Amino acid sequence: MLRFDLKSKQKEIEEIDYWEMGILDLKISYFGDEVSLCIEDYHNKEKYWEIKFLVCAKVEYSNDALDIQWRKDQLVKNMTRGELHHHGQEISLQIYEENPDFVKCMVDIGLLQMTIVCRDIQIEHLDLKSAHFFWQDNDVL
């Protein structure tokens with residue numbers, strides 16, 4: 000049995016109003032057990048949204064690395080905020096058919112698409128000033 004109501008969680012994600020919002024970061028931690036997606040808040044520029052996919056059983060993704068005309072040999076870790084072109088397109092949830100205790104999450108952020116199978120999802124609204132994203136080290140003041 001899921002730890003949350005699927006329709007309520009989908010609605011909570013949609014209330015973030017993430018469509019076309021910039022993706023600030025994506026982190027896969029703890030040997031794939033946790034995936035964190037950070038999304039800018041269009042309505043409050045001093046905050047951002049973090050969606051955490053927890054107790055992950057499967058994390059699959061494809062990105063733009065094969066598109067050598069677009070990406071060339073550029074490493075994402077060396078990009079500035081302006082060079083990143085990831086924007087919220089779609090986040091959808093459904094019961095994972097192989098185990099109804101888990102949810103299958105399809106995440107499309109433009110240049111990266113993910114399928115995450117997880118047990119729980121947490122959403123936080125956090126202060127931007129206390130956050131640190133990798134691209135901040137690359138941005139020139």
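Read in order, the letters of the sequence shown are residues 0 to 140 in numbering that gives the first Met the number 0.
Just so it is clear, CB atoms sit at the ideal spot from N, CA and C, and this is done for glycine as well.
Keep in mind that this is a model prediction, so the values were computed, not measured.
Bridge partner(s) assigned by DSSP for residue i
i      : result
GLY21  : HIS86
MET105 : SER91, THR114
LEU125 : TYR47
ILE15  : DSSP, once it has assigned bridges, lists no residue as partnering ILE15.
VAL141 : Nothing about residue 141 can be reported from this structure: the residues present for the chain run from 0 to 140 only.
SER35  : LYS26, LYS51
Own chain partners of residue i with C-beta closer than 7 Å, once the 5 adjacent residues on each side are dropped
i     : result
GLN27 : Per the sequence presented here, residue 27 reads as Ile, with Gln not at that position. Once the five neighbours on either side are set aside, the close Cβ partners of ILE27 are VAL34, VAL58.
Environment of residue i [buried if 16+ CB atoms lie within 10 Å]
i      : result
ILE94  : exposed
LEU125 : exposed
LYS76  : exposed
GLY31  : exposed
LYS10  : exposed
LEU140 : Low local confidence applies: a pLDDT of 44 at LEU140 is under 50, so the model's placement there is unreliable, and no value is given.
LYS6   : exposed
LEU17  : Before going further, note that residue 17 is Tyr rather than Leu in the sequence given. Buried, by the Cβ-count rule.
Close-in-space but distant-in-sequence residues of the same chain around residue i (CB under 6 Å, 5 per side omitted)
i      : result
ILE15  : TRP48
ILE90  : ILE12, VAL106
ASP152 : The first residue shown for the chain is 0 and the last is 140, placing residue 152 beyond what the model contains.
For residue i, the nearest candidate out of the options (CA to CA)
i      : options                       : result
CYS55  : TRP18, ASP119, LEU23          : ASP119
LEU111 : LEU36, ASN98, LEU127, LEU53   : LEU36
GLU19  : LEU127, ALA64, ASP40          : ASP40
ASN137 : LYS6, LYS8, ASP63, LEU74      : LEU74
GLY21  : ILE108, GLU123, MET113        : ILE108
ASP4   : THR114, MET113, ILE115, LEU92 : LEU92
GLN121 : SER61, ILE50, GLN135          : ILE50
Cβ-based neighbour list, residue i, same chain, cut-off 8 Å, excluding 5 preceding and 5 following
i      : result
CYS117 : VAL34, PHE52, LEU53, VAL54, CYS55, ALA56, PHE101, VAL102, CYS104
MET0   : PRO99, ASP100
TODO: Say whether the segment 40 to 48 touches the segment 98 to 107, bearing in mind that this needs 3 or more beta-carbon pairs closer than 8 Å, one atom from each stretch.
DONE: With the cut-off at 8 Å, the segment 40 to 48 and the segment 98 to 107 do not touch.
Task: Inter-stretch contact (C-beta, 8 Å, three-pair minimum) for the segment 130 to 139 and the segment 84 to 99 - done: The segment 130 to 139 makes no contact with the segment 84 to 99; the number of CB pairs closer than 8 Å stays below 3.
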